[in-house]
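*Asks:* Would you mind keeping the following structure in view while I ask a few things?
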Amino acid sequence: MKQLFYLLIVLVFFACNDKKEQGEITEKAEKVYDMYTPSEMANLMNEMYAYNQQLKKDIIDGKIPTKFPEKFLNIHTAQLSDFKSRNETFKSFSNLYIQAEKEVFNPNSEVPIETRFN
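Numbering (this note's numbering), first residue to last: 250 to 367.
Right, dumping it as structure tokens:
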């Protein structure tokens, strides 16, 4: 019985040693992250948002905008994200957006600037 007990302890000891060796052999693989890169359209929209926030502050301060930013017209040609596509809805809404933005910069308009901006 004693021999069986000693044999069992020796087996457990060797079994534990084998696992440690396997742990040392495996190397950690270097993680490679797939970083998000925004599309040209996403960058343009972020710029448009920032510009409109500044424009809002200027209008509140009483400054009247004078020049329409021509970069906004790139909305028709900017590269979209891979999974997006230009369709008729996109084209119609982008045309409406450009028209509304141009109206903000129209000096001959009888509508108050605050109303045109909204």
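All C-beta atoms in this analysis are idealised placements derived from N, C-alpha and C, irrespective of residue type, glycine included.
Give the single residue among H325, Y285, I313 whose Cα lies nearest to the Cα of M294.
*Replies:* As a first step, residue 294 is located in the sequence shown; it is residue number 45 there, counting from the start. The shortest Cα separation from M294 among H325, Y285, I313 belongs to H325.
*Asks:* How would you call E350, buried or exposed, if buried means at least 16 neighbouring beta carbons within 10 angstroms?
*Replies:* On the sequence shown, position 101 is the one that residue 350 refers to. That one is buried.
*Asks:* Using a Cβ-Cβ cut-off of 7 Å (strictly less than) and excluding sequence neighbours within five positions of D267, which residues of its own chain qualify?
*Replies:* Position 18 of the sequence shown holds residue 267. Note that D267 scores 48 on pLDDT, short of 50, meaning its location in the model is unreliable; the coordinates nonetheless yield the value given after this. For D267, where only same-chain residues beyond five positions count, there are no Cβ hits under 7 Å.
*Asks:* Tell me the rounded alpha-carbon separation between K316 and A278.
*Replies:* For the purposes of this step, residue 316 is identified with residue 67 of the sequence shown, where counting begins at 1. For the purposes of this step, residue 278 is identified with residue 29 of the sequence shown, where counting begins at 1. If you take the alpha carbons of K316 and A278, they lie about 54 Å apart.
*Asks:* Can you tell me where the alpha helix (DSSP H) with N334 in it begins and where it stops?
*Replies:* Locating residue 334 in the sequence shown gives position 85, counting from the first residue. Per the sequence presented here, residue 334 reads as Ser, with Asn not at that position. Run containing S334: none; DSSP gives neither H nor E here.
*Asks:* Can A327 and E289 be called in contact, C-beta distance under 8 Å?
*Replies:* Counted from its first residue, the sequence shown places residue 327 at position 78. Counted from its first residue, the sequence shown places residue 289 at position 40. It is a contact, given that the beta carbons lie within the stated cut-off.
*Asks:* So which of E363, F332, I308, M250 has the shortest CA-CA distance to P287?
*Replies:* Taking the first residue of the sequence shown as 1, we reach residue 287 at position 38. Selected option, being the one with the closest Cα: F332.
*Asks:* For V259, count neighbouring C-beta atoms within 10 Å of its own C-beta (all shown protein chains included) and say buried if the count is 16 or more, exposed if not.
*Replies:* In the sequence shown, the residue the question calls residue 259 occupies position 10. The residue is exposed, with fewer than 16 neighbouring Cβ atoms inside 10 Å.
*Asks:* By the 10 Å Cβ neighbour count, where 16 or more other Cβ atoms means buried, how is V360 classified, buried or exposed?
*Replies:* Position 111 of the sequence shown, counting from 1, holds the residue named residue 360. The residue in question, V360, is exposed, as its Cβ has fewer than 16 Cβ neighbours within 10 Å.
*Asks:* Can you give me the C-alpha to C-alpha distance between Q319 and E276, rounded to a whole angstrom?
*Replies:* Start at 1 with the first residue of the sequence shown, and residue 319 comes out as number 70. Start at 1 with the first residue of the sequence shown, and residue 276 comes out as number 27. Looking at the sequence shown, residue 319 is not Gln but Glu. Going by the C-alpha atoms only, they are around 54 Å apart.
*Asks:* Shortest alpha-carbon distance to I347 belongs to which of Y282, N323, C265?
*Replies:* Here residue 347 corresponds to residue number 98 of the sequence shown, with the count starting at 1. Measuring from the Cα of I347, the nearest candidate turns out to be N323.
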